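For the record, in the sequence shown the residue sitting at position 20 is 10 according to our numbering, with numbers rising by one throughout.
Note that CB positions come from ideal geometry on N, CA and C, so glycine has one too.
Quantities reported herein were computed from a predicted structural model and do not represent experimental measurements.
Okay, structure first, notes after.
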Amino acid sequence: MSSNKKTTRRRKRPQKRSKIPFRDTNWRKVFWGTAAGSLVATVGLVTVLWTNGWIPEKINQGVEDFHGMTADAGLSVEDVLVEGRKRSNAAAILSKLDVERGTPILSFSPEQAKADLEELPWVKRAIVERRLPNIIYVNLEEREPLALWQEEGVLHVIDQSGEVIASAKANRFSKLPLIVGPDAPDHAREILALIESEPELGNRVKAAVRVSGRRWNIRLNNGVDVQLPEEDANDAWSFFARIERDEGVLERDVIVVDLRLRDRLIVRTSGGSEKNKTKKVKGKKT
């Protein structure tokens, strides 16, 4: 080795190795992803089983088994108690209740029975209860007939609200007052109250006829038509009752009594001159 020359030794530096990317596993995302997948799979399976009827069948079977156990324990129908029935058919009520002796009482639905009973023609409202251990209780509020309504020559029985009672036969209610006119049922209570306000005159009424949806004509049992005004009909009716008591207008040959003019009663007779067909009666309606 030469002393004049210095040999320079270079230290080899270690080569840098390329690092492989590495990240911490996000276990939260893994968990929720797995859970979501499981949920979707479960929902899909349940949907298929429900659609095929397997789940509903198993549920119903379980409910039936439970109700059977309760019936064996004494919770079964032994009697049906119905109050308030006047005109409703007893067989129709039992048919709507759809229950027999020995039926598990917990399987009976009061809510469904109430809805079914209120479909019956005479039933306005129904209360249905399970009275444990073995009684079904029913309280009925039936519709009250108000009048006979003549529509295009056909008679219907209407109730207090003006609704037609479908199963009611008019010939069984011949003593009810008669109203006529397309919208007569909507105003039946008010005209009947007017007629009854004068009992002596009201007893002679045969029918109330609605005219043009605005006013009434009252047909008396002797064939006389009393024409009421559109407004203040009650005052006009009371006025006529007083005149009839004082002067006996209806004892004459009268066919029409016109009360449409205020404070005036015009009488039309079946014969005589034109002058004799009208008569002004002095007085004030009260």
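Please report the residue range of the beta strand (DSSP E) in which ARG205 lies.
Position 215 of the sequence shown holds residue 205. Run containing ARG205: 205 to 210, per the beta strand (DSSP E) assignment.
With DSSP collapsed to three states, give me the class of ILE155.
Taking the sequence shown and counting its residues from 1, one reaches residue 155 at position 165. Note: ILE155 maps to coil in three-state DSSP.
So, with DSSP's three-state summary, where would you put ASP176?
Locating residue 176 in the sequence shown gives position 186, counting from the first residue. Residue state, collapsed to three classes: helix.
Taking the Cβ atom as the reference point for each residue, do ARG194 and ASN211 lie within a distance shorter than 8 Å?
Numbered from its first residue, the sequence shown carries residue 194 at position 204. Numbered from its first residue, the sequence shown carries residue 211 at position 221. Yes. Within cutoff.
Going by other Cβ atoms of all chains shown within 10 Å of its Cβ, with 16 needed for buried, is ASP81 buried or exposed?
In the sequence shown, counting from the first residue as 1, residue 81 sits at position 91. Looking at the sequence itself, residue 81 is Ala, so the reference to Asp does not match. ALA81 should be labelled exposed.
Which full runs of the beta strand (DSSP E) of 3+ residues lie inside the region 52 to 131, going along the chain?
69 to 73, 113 to 121
Quick one: give me the first and last residue of the beta strand (DSSP E) that ALA223 is part of.
For the purposes of this step, residue 223 is identified with residue 233 of the sequence shown, where counting begins at 1. Not the beta strand (DSSP E): ALA223 falls in the alpha helix (DSSP H), residues 223 to 237.
At a Cβ threshold of 8 Å, is LEU255 touching chain D?
The structure shown contains no chain D; it holds only a single protein chain.
Proximal residues to LYS76 (C-beta, below 7 Å), its chain only, five neighbours per side dropped:
Counting from one through the sequence shown, the residue named residue 76 turns up at place 86. Counting only Cβ-Cβ distances below 7 Å, and skipping sequence neighbours, we find GLU132.
Give a yes or no on whether the C-beta atoms belonging to LEU136 and ALA116 are separated by under 8 Å.
The residue given as residue 136 occupies position 146 in the sequence shown. The residue given as residue 116 occupies position 126 in the sequence shown. For LEU136 and ALA116, no; Cβs fall outside 8 Å.
According to the neighbour-count rule (16 or more other Cβ atoms, all chains shown, within 10 Å of its Cβ), is GLY171 buried or exposed?
The residue labelled residue 171 in the question sits at position 181 within the sequence shown. GLY171 is buried by the Cβ-count criterion.
Out of PRO167, PRO175, GLN140, GLY203, which one is the CA nearest neighbour of GLY192?
Indexing the sequence shown from 1 puts residue 192 at position 202. Nearest option by C-alpha distance: PRO167.
For ARG200, which beta-bridge partners are listed by DSSP?
As a position in the sequence shown, residue 200 is number 210, starting the count at 1. Note: ARG200 sits in a beta bridge opposite TRP206.
Assuming VAL67 contacts ILE126 under a Cβ cut-off of 8 Å, what Cβ separation, rounded to an integer in Å, is found between them?
Residue numbering aside, residue 67 sits at position 77 when the sequence shown is read from its first letter. Residue numbering aside, residue 126 sits at position 136 when the sequence shown is read from its first letter. Correct: roughly 6 Å between the Cβ atoms.
Along the chain, where does the alpha helix (DSSP H) containing PRO167 start, and where does it finish?
For the purposes of this step, residue 167 is identified with residue 177 of the sequence shown, where counting begins at 1. Taken as a continuous stretch (DSSP letters only), PRO167 belongs to no alpha helix (DSSP H), as it is neither H nor E.
Exposed unless 16 or more other CB atoms sit within 10 angstroms - verdict on ALA105:
For the purposes of this step, residue 105 is taken as the residue at position 115 of the sequence shown. Under this definition ALA105 is an exposed residue.
For PRO135, three-class secondary structure by DSSP:
Within the sequence shown, residue 135 is the residue found at index 145, counting from 1. If DSSP states are grouped into helix, strand and coil, PRO135 belongs with the strands.
Hey, out of GLN217, GLU241, GLY261, TRP227, whose CA is closest to VAL247's CA?
Here residue 247 refers to the residue found at position 257 of the sequence shown. When each option's Cα is compared against that of VAL247, the closest is GLN217.
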